[in-house]
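Note sheet for the following structure.
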Amino acid sequence: LLRAYASQRRRAACRNRAIIFEDDAVQYPASTPTPVCECPPSRGAEDPPRLSLGSLWLLVSLQERYEERVTDAMLAHIGAVRIQPRFRHSMLAFLMGKTE
Numbered sequence: 221l222l223r224a225y226a227s228q229r230r231r232a233a234c235r236n237r238a239i240i241f242e243d244d245a246v247q248y249p250a251s252t253p254t255p256v257c258e259c260p261p262s263r264g265a266e267d268p269p270r271l272s273l274g275s276l277w278l279l280v281s282l283q284e285r286y287e288e289r290v291t292d293a294m295l296a297h298i299g300a301v302r303i304q305p306r307f308r309h310s311m312l313a314f315l316m317g318k319t320e
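What follows is the structure in structure tokens.
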């Protein structure tokens, strides 16, 4: 749902540790796990951890301002993790519907 909103330039909000998709009248806890991993799995290694909805929402919401605006306190407040710089561009392109 976040990808659909992002690719259509629709806004999702974060309130009370929940990501709110107002056009669809639904909300999910920001800590909700998604099927999205930060990086591809390595052969023979465990699957990388899944990113939470809040982690992805921050990237979509802040885009190029992500690095300067995301704080540890903000991440802790919504139960998100910082997305590594080397994955941000491709992850954002995917979430915005520019790549598959």
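Each residue of the sequence shown is one higher than the one before, starting from 221 at the first, in my numbering.
C-beta atoms are modelled at their ideal positions from N, C-alpha and C, and glycine is treated no differently.
Does the region 281-291 come close enough to the region 250-269 that 3 or more CB-CB pairs lie under 8 Å?
no
Run through the region 253-291 for me and flag every whole beta strand (DSSP E) of 3 or more residues, listed as ranges in chain order.
253-257 and 270-272
Give a yes or no on whether the C-beta atoms belonging to leucine 278 and alanine 296 are separated by under 8 Å.
Sequence index remark: in the sequence shown, residue 278 carries index 58 (1-based). Sequence index remark: in the sequence shown, residue 296 carries index 76 (1-based). For leucine 278 and alanine 296, no; Cβs fall outside 8 Å.
Measure the alpha-carbon distance for serine 275 versus alanine 250 and round it to whole angstroms.
Within the sequence shown, numbered from 1, the residue matching residue 275 stands at position 55. Within the sequence shown, numbered from 1, the residue matching residue 250 stands at position 30. In a straight line, the C-alpha of serine 275 is about 8 Å away from that of alanine 250.
Between the beta-carbon of cysteine 257 and the beta-carbon of leucine 271, is there less than 8 Å?
Residue 257 sits at position 37 when you count from the first residue of the sequence shown. Residue 271 sits at position 51 when you count from the first residue of the sequence shown. Their beta carbons are under 8 Å apart, which means cysteine 257 touches leucine 271 by this criterion.
Taking Cβ to Cβ, would you say serine 227 is nearer than 8 Å to methionine 294?
Translated into the one-based positions of the sequence shown, residue 227 becomes position 7. Translated into the one-based positions of the sequence shown, residue 294 becomes position 74. The answer is no: Cβ separation not under 8 Å.
Let me know the secondary structure DSSP gives arginine 231 once reduced to three states.
By one-based count along the sequence shown, residue 231 stands at place 11. Coil at arginine 231, not helix or strand.
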